[in-house]
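Counting along the sequence shown from 1, when you hit position 383 you're at 383 in UniProt numbering, and nothing is skipped either side. Take a look at the structure set out below.
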Amino acid sequence: MRTNGIAPDKHTFPLLLKAFSKLENENPFQFYAHIVKFGLNFDQFVRNSLISAFSGCGYLESANQVFDESTHKDVVAWTAFIDGYVKNGRALEAIKCFLEMRLMGIRVDEVTVVSVLCAAGMAGDIWFGRCVHGFYVEAGRVQWDAYVGSALLDMYMKCGYHEDACKVFNEMPVKNVVCWSALIAGYTQCSKYKDALLALKYMLSESIRPNQSTFTSVLTSCAHLGALDRGKSVHGYICRHKIPVNSLLGTALVDMYAKCGCIDEALSVFGKLPTKDVFTWTAMIKWVLPNEVTFIGVLSACSHGGLVDEGRKLFGSMKQVFHLEPTVDHYGCMVDLLGRAGGTCRKSSDQAAVKSQWTIHTFVKLVLDWKKWEIAAGIRKLMKGKRVEKITGYSWIEVNGAIFEFAAFDKSHSESENIYLMLDNMFVQLKLAGYVPDTNLLAFDIDGS
Numbered sequence: 001m002r003t004n005g006i007a008p009d010k011h012t013f014p015l016l017l018k019a020f021s022k023l024e025n026e027n028p029f030q031f032y033a034h035i036v037k038f039g040l041n042f043d044q045f046v047r048n049s050l051i052s053a054f055s056g057c058g059y060l061e062s063a064n065q066v067f068d069e070s071t072h073k074d075v076v077a078w079t080a081f082i083d084g085y086v087k088n089g090r091a092l093e094a095i096k097c098f099l100e101m102r103l104m105g106i107r108v109d110e111v112t113v114v115s116v117l118c119a120a121g122m123a124g125d126i127w128f129g130r131c132v133h134g135f136y137v138e139a140g141r142v143q144w145d146a147y148v149g150s151a152l153l154d155m156y157m158k159c160g161y162h163e164d165a166c167k168v169f170n171e172m173p174v175k176n177v178v179c180w181s182a183l184i185a186g187y188t189q190c191s192k193y194k195d196a197l198l199a200l201k202y203m204l205s206e207s208i209r210p211n212q213s214t215f216t217s218v219l220t221s222c223a224h225l226g227a228l229d230r231g232k233s234v235h236g237y238i239c240r241h242k243i244p245v246n247s248l249l250g251t252a253l254v255d256m257y258a259k260c261g262c263i264d265e266a267l268s269v270f271g272k273l274p275t276k277d278v279f280t281w282t283a284m285i286k287w288v289l290p291n292e293v294t295f296i297g298v299l300s301a302c303s304h305g306g307l308v309d310e311g312r313k314l315f316g317s318m319k320q321v322f323h324l325e326p327t328v329d330h331y332g333c334m335v336d337l338l339g340r341a342g343g344t345c346r347k348s349s350d351q352a353a354v355k356s357q358w359t360i361h362t363f364v365k366l367v368l369d370w371k372k373w374e375i376a377a378g379i380r381k382l383m384k385g386k387r388v389e390k391i392t393g394y395s396w397i398e399v400n401g402a403i404f405e406f407a408a409f410d411k412s413h414s415e416s417e418n419i420y421l422m423l424d425n426m427f428v429q430l431k432l433a434g435y436v437p438d439t440n441l442l443a444f445d446i447d448g449s
């Protein structure tokens, strides 16, 4: 265009900036120089695009400067500035900017509401999120489309109000792929992995075709559940329907196979990916110097694959070879690895390595194993005084494509009586076979005699 002597106008640069902002490791300053050169730096349309480009690339100070220099700040400029704060993880500043916008009397539109709801969810500010919901959406000041509804759903999910999120979903006038993907992503982010897979089933029954975003969340749920068969089924759907595999979806596929112990399949998917970012490399754990996140992935893979010796060696190499300090997540992977293999997690624990990263419940268990009864009693009393409650732990198993969930002392199942009878029978058979339970694993009543 420039070679042919054609000068850009106020419509050229906004399109260029929008495309440029999607590139990685780039900045829009070179375009800013051309904008000034052609005297378009005072055009409102161009300035709004500059604000969006600067903030989207992380240059918030430059975006702020362009914003402050604008003689006329319309809803597009304010929304671009708010969205920039959200994209850079500065939720409270985004909310503050929104309140300033309202004080200036600028009318809010649907795009603004989506951005500010994202900020509310990021900040965990349910009160502010409810205010936006009631004042703008329920009152009809903005149109309730798929994007506003999805932003509302996401906000409630991130704030922990799952029932409100489901209510929003059920009340949506139209449920398209964006709405369903938001619901599934919300379930995944809140660790409700079975609900995420169930939502996918309902989505398909409504003849709505999932997209890349949908399957990224679904595969993440499969990885956490260890649901290899379900993950393979999803992968097959992606291949049959020729859904393009971008870096996010590719990373989710690699991560699912790796966490389920299928390293060969993970390598195969990894090798076919057209582009690989840092997250893809970390998920594959190959040809790069491993970090803490890498070891969580490989230890999880060893756990699901039953590779006990390999897991032990890798865990030991964290300090000895890579000079990485194991965290509670790494110890948790080893607990799972040895527990699955019939080992005892306590024997792999290093008393000197137990630091503040350990949760209070894990620390109490280790203190009991070291027979420090008085210390354990003191910690338990402190927990009661602080009203610390243990979060219920769950385990999952996939049998014939169905995922079953278990919790200790749970009797909600209709066949719970028969289940516990079978467990008692199994325990008797184990004792007859020579199994001796480790009484150190039993918690004691510190208030009892």
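Each residue gets a CB set at the ideal place from its N, CA and C atoms; glycine is no exception. Bear in mind the structure is a predicted one, so any value in this text is a computation, not a measurement.
Check                                                                                         : Outcome
Cβ shell of Met318 (< 8 Å), same chain only, five flanking positions each side left out       : Phe295, Leu324, Glu325, Pro326, His330
Nearest candidate by alpha-carbon position, reference Arg141, set Asp109, Gly129, Tyr420      : Asp109
Integer Cβ distance of Glu133 from Leu152, believed to fall under 8 Å                         : Sequence check: residue 133 is His here, not Glu. Contact flag correct, Cβ pair sits at about 6 Å.
Under the three-state DSSP convention, the category Val354 falls into                         : Below a pLDDT of 50, predicted positions are generally treated as unreliable, and Val354, at 37, falls in that range; the measurement from the model is reported next regardless. Three-state DSSP puts Val354 in coil, outside helix and strand.
Buried or exposed by the 16-neighbour rule on C-beta atoms within 10 Å, applied to Ala402     : exposed
Nearest residue (CA-CA) to Leu248, options Gly261, Thr220, His224                             : Thr220
C-alpha distance - Trp281 paired with Val428, whole-angstrom precision                        : 48 Å
Three-state secondary structure (DSSP) of Trp396                                              : strand
Cutoff 7 Å; reference Tyr164; Cβ partners in own chain excluding five residues on either side : One detail in the question is off: residue 164 reads as Asp in this sequence, not Tyr. Excluding residues within five positions, the ones whose Cβ falls inside 7 Å are Tyr156.
With 16 other Cβ atoms within 10 Å as the buried cut-off, status of Val288                    : Unreliable positioning characterises Val288 in this predicted model, as indicated by a pLDDT of 46, which lies under 50. A coordinate reading is not provided.
Exposed unless 16 or more other CB atoms sit within 10 angstroms - verdict on Lys259          : buried
Sub-8 Å separation of Ser217 and Cys179 beta-carbons                                          : no
Under 8 Å between C-beta atoms of Ile184 and Tyr161                                           : no
Burial state of Asn425 (16 or more Cβ within 10 Å)                                            : exposed
Separation of Leu228 from Cys302, as counted between CA atoms                                 : 14 Å
Where Glu206 falls: helix, strand or coil (DSSP)                                              : coil
Tyr257 to His224 span [Cα, whole Å]                                                           : 11 Å
Straight-line Cα distance separating Tyr202 from Asp255                                       : 25 Å
Cutoff 8 Å; reference Glu310; Cβ partners in own chain excluding five residues on either side : Cys302
Residue of Phe315, Gly434, Ile95, Cys97 minimising C-alpha distance to Asn291                 : Phe315
Residue(s) in a DSSP beta bridge with Phe406                                                  : Ser395
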